[in-house]
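2 protein chains.
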Amino acid sequence: MKVTMKKIAEEVGVSVTTVSHVVNGTKKISSEKYNQIMEIIRKHNYVPNYSAKNLRSQSTKTAGLIVPSFPDSYVTGYINSISRRAKEMGYNLLFINTDEDVDYEQETLKLLHSNMVDGIILSPSAKMEESESYSEELLDSSLPIVLISRYHEAFQHSPFVTQDDFQAGYDAAIHLLQHGHRDIGLIYAVSGISPTKNRINGYKKALEEYGVSFNENYLEKGHATVEGSRKAVKSLLEKNKEITALFVLSDLMTIGTISGLKEMNKKIPDEVALIGFGDFPSAPIMDPPVTNISLSPDTLGQTAFDLLLNKINNPGYDKTVHIPNFLITRKSCGC
Amino acid sequence: MKVTMKKIAEEVGVSVTTVSHVVNGTKKISSEKYNQIMEIIRKHNYVPNYSAKNLRSQSTKTAGLIVPSFPDSYVTGYINSISRRAKEMGYNLLFINTDEDVDYEQETLKLLHSNMVDGIILSPSAKMEESESYSEELLDSSLPIVLISRYHEAFQHSPFVTQDDFQAGYDAAIHLLQHGHRDIGLIYAVSGISPTKNRINGYKKALEEYGVSFNENYLEKGHATVEGSRKAVKSLLEKNKEITALFVLSDLMTIGTISGLKEMNKKIPDEVALIGFGDFPSAPIMDPPVTNISLSPDTLGQTAFDLLLNKINNPGYDKTVHIPNFLITRKSCGC
DNA sequence: TAACAGAGGTTAAACGTTTTACTTCATTCA
DNA sequence: TGAATGAAGTAAAACGTTTAACCTCTGTTA
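Going line by line, the protein sequences match chains A and B.
Counting in my numbering, the first sequence runs from 2 upward without gaps.
Counting in my numbering, the second sequence runs from 2 upward without gaps.
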């Protein structure tokens with residue numbers, strides 16, 4: 002049986018209150034009693050019951066982290082920094098991967114409202130952002146929520162931190178345009194979510210600045226896997242033989258795209274230049290080394306947690322942060 | 002303010018007990034009252050307080066997951082399947098990355114003893130397994146613990162699930178030996194932990210079967226990163242120019258090794274054959290495609306969770322499971 | 001008709017803390 | 001001396017559930 006404060010108190014011959022004060026340092030206790038109590042605590046390896054603590058204090062020192070997909074190198078990156086930050090701040094982390102399942106996401110959010118967590122860092126599932134609305138109970142509740150990476154307007158009054166997708170799309174396209182490309186294909190996985198939309202908007206804006214008209218056919222959707230993009234790139238290039246450059250919106254898809262191009266015997270970058278998205282470990286030693294938009298998931302995660310802490314302490318808090326990205330130039334774009 | 006059962010009960014004019022029975026379906030309630038209660042519940046978006054539930058029921062339906070490093074593709078893989086399994090079984094997951102920090106690991110374990118979780122899936126930090134012992138309070142406590150991937154004899158009476166490291170080391174070495182290699186280097190990151198030890202033991206056993214004597218100098222330790230193994234392979238090959246094949250014990254290090262070999266202008270597989278460890282997305286399209294020992298993190302994670310469930314329901318439960326690995330042959334081993 | 005069973009509800013204790021408001025006693029100060 | 005102050009400790013309520021035990025009807029059975 003677990004030993005409780007009551008048992009400790011009885012054994013020492015003191016009140017539960019006193020034990021509590023010793024454990025928490027909330028009141029001065031004579032060193033005589035203090036030592037007696039501490040001895041018994043150590044003897045029994047007493048550790049306080051968190052359910053009871055939480056119930057009484059109405060706080061759990063736990064944050065919920067809800068991600069839409071896993072493992073994914075980017076998500077993985079920010080989970081890591083969130084977990085580090087949580088640790089530093091004395092918080093625990095309740096981890097939930099919704100696997101893009103809208104119903105499970107809603108169910109989970111509801112569950113977390115049960116005083117299970119003090120706040121939530123949420124990256125909505127794709128369908129959610131695209132077309133669903135959150136139930137009112139979530140919205141008018143006072144549970145602090147911070148959005149990360151993906152936006153949903155239901156939470157327009159919550160803090161939001163994201164990689165700067167518009168800038169990323171813009172930078173990649175500008176770089177290719179500067180080097181003479183005019184027919185730039187774009188391979189993406191998930192439509193409807195803000196990252197995809199904003200990246201495409203950045204790409205469009207760049208085209209516009211160069212007076213190149215936007216061609217809907219140059220956008221190719223594929224499954225968010227190596228295999229998916231291998232198929233996608235073939236389909237895209239068969240339909241549009243004039244394409245000379247590609248911008249691929251994820252790391253796994255970048256790998257698949259290279260694989261597809263190799264199978265088609267397309268030389269990178271001579272026949273098709275390539276810019277990928279998200280740095281992955283093998284990018285520098287691929288054949289050819291891959292130029293890509295490098296993200297900062299670490300900064301993203303850390304910022305998310307700090308925003309959450311602010312939101313918890315100050316319910317009116319509301320801020321949007323854009324984390325900049327950087328183009329890392331290697332051989333695959335031919336520049 | 003949060004609405005509680007008490008408020009619901011008052012509003013309907015019924016006892017708290019009745020509300021509880023409606024919420025949990027623990028007793029037959031007349032449909033008249035049932036409907037009234039449900040209506041008010043929905044009106045207020047009532048959701049039960051989990052701290053109170055947990056306190057009363059002495060269970061949290063939450064499992065702790067303590068990993069030694071993150072992100073790491075293998076760890077990431079099993080986290081994913083653990084989280085999926087937890088979801089299926091109605092459990093929550095408290096995620097902790099110790100970052101190989103022994104003190105934090107101990108502190109965390111202690112914390113989780115506070116009725117925060119119903120059980121723990123643990124992969125000990127390296128130093129822990131190498132030289133530290135767990136405090137008694139953890140060992141004689143009744144909190145169910147399952148070890149995953151890394152072993153620690155303190156938990157010899159807990160279930161344990163691991164990839165079959167001995168077999169992996171053996172298979173890789175046998176494969177290279179069969180193809181005529183006699184001077185096989187091995188690059189690893191963390192000594193002292195069971196995976197490394199067992200892989201090396203498997204490698205030794207294979208050498209023995211082929212009557213090749215084991216050479217201590219062929220083992221090279223490096224930092225568990227791309228950069229670390231790039232340095233390691235250079236150092237190893239400079240000291241031992243006769244080496245014709247390499248076995249590398251992690252995916253990141255495989256990437257770094259290839260990078261190092263390229264910088265040294267060593268042709269793979271003609272001058273140095275290579276077998277890596279752990280499948281990574283770009284392995285098939287590297288130059289050359291990489292032969293490796295493919296692990297099954299999914300099976301590992303799922304098994305871990307199932308073992309934990311068994312352990313929770315039956316404290317005497319104790320089982321060790323070895324998940325087999327497979328050699329995936331591609332170009333880099335020259336076979 | 002008496003005894004019983006079952007349906008539908010309620011009361012109150014219990015889970016293990018924290019914390020407010022009290023008590024008691026010794027000391028200090030004027 | 002008497003009042004005020006402070007130090008050390010305690011009693012009891014509160015947090016929001018679950019659940020064993022009990023109660024009160026109504027209808028059934030012998």
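Even glycine gets a Cβ: it sits at the ideal position worked out from N, Cα and C.
Any C-beta of chain B under 8 Å from that of residue i
i              : result
H224 (chain A) : no
F306 (chain A) : no
D280 (chain A) : no
T77 (chain A)  : yes
Y51 (chain A)  : yes
L110 (chain A) : no
S214 (chain A) : no
M265 (chain A) : no
E138 (chain A) : yes
N315 (chain A) : no
N36 (chain A)  : no
N81 (chain A)  : yes
M129 (chain A) : no
S84 (chain A)  : yes
Closest residue to residue i among the options (Cα-Cα distance)
i              : options                       : result
P289 (chain A) : B:S260, B:P298, B:M265        : B:S260
K128 (chain A) : A:G193, A:D119, A:K206, A:K8  : A:G193
S70 (chain B)  : B:S58, B:L56, B:E106          : B:E106
E210 (chain A) : A:S195, A:Q179, A:A225        : A:Q179
D104 (chain B) : B:V118, B:P125, B:A274, B:L95 : B:P125
F278 (chain B) : B:L308, B:A305, B:L328        : B:L328
I41 (chain B)  : B:V24, B:N55, B:R57           : B:V24
L66 (chain B)  : B:L110, B:L177, B:L247, B:V48 : B:L110
I286 (chain B) : A:I276, A:I30, A:A274, A:L262 : A:L262
V337 (chain B) : B:F96, B:T63, B:T27           : Given that chain B is displayed from residue 2 to residue 336, the structure contains no residue 337 (chain B) and the question cannot be resolved.
Cβ neighbours of residue i in the same chain (closer than 6 Å, five flanking residues each side left out)
i              : result
H45 (chain A)  : V4
G257 (chain A) : V227, S230, R231
G78 (chain A)  : P298
G302 (chain A) : Y79, S82, I83
I313 (chain B) : D119, G120, P145
N55 (chain B)  : T61
K267 (chain A) : V273
Short CB-CB distance (under 8 Å) between residue i and chain A
i              : result
T61 (chain B)  : yes
E272 (chain B) : no
D299 (chain B) : no
L95 (chain B)  : yes
M1 (chain B)   : Shown here, chain B extends from 2 to 336; a query on residue 1 (chain B) therefore has no answer.
L56 (chain B)  : yes
I286 (chain B) : yes
P72 (chain B)  : yes
Strand pairing of residue i, partner residues [DSSP]
i              : result
A246 (chain B) : B:I185, B:A274
N293 (chain A) : A:G277, A:I329
F71 (chain A)  : Beta-bridge pairing links F71 (chain A) to no other residue.
G65 (chain B)  : B:L95, B:I121
Neighbourhood of residue i by C-beta distance below 7 Å, restricted to the same chain and skipping five residues each side
i              : result
T197 (chain B) : Y189, V191, L250
Q37 (chain A)  : V13
S16 (chain B)  : A10
A155 (chain B) : S134, Y135, L140
G223 (chain A) : I188, A190, G229, S230, K232, A233, M254
S295 (chain B) : D280, N326, F327, I329
Unbroken alpha helix (DSSP H) run spanning residue i, endpoints
i              : result
E12 (chain A)  : 6 to 13
L123 (chain A) : Per DSSP, L123 (chain A) belongs to no alpha helix (DSSP H); it is in the beta strand (DSSP E), 120 to 123.
V147 (chain A) : It is not in any alpha helix (DSSP H) - V147 (chain A) instead sits in the beta strand (DSSP E) that spans 146 to 149.
V213 (chain B) : Run containing V213 (chain B): none; DSSP gives neither H nor E here.
Y35 (chain A)  : 32 to 45
Q107 (chain A) : 103 to 113
T304 (chain A) : 298 to 314
A155 (chain A) : Element bounds for A155 (chain A): n/a, residue is neither H nor E.
Neighbourhood of residue i by C-beta, 8 Å cutoff - its chain only, sequence neighbours within 5 removed
i              : result
N218 (chain A) : K240, N241
E221 (chain B) : G186, L187, I188, Y189, A233, V234, S236, L237
K7 (chain B)   : V17
Residue interval of the beta strand (DSSP E) (run including residue i)
i              : result
Q164 (chain A) : 161 to 164
E221 (chain B) : 220 to 222
V322 (chain B) : 321 to 324
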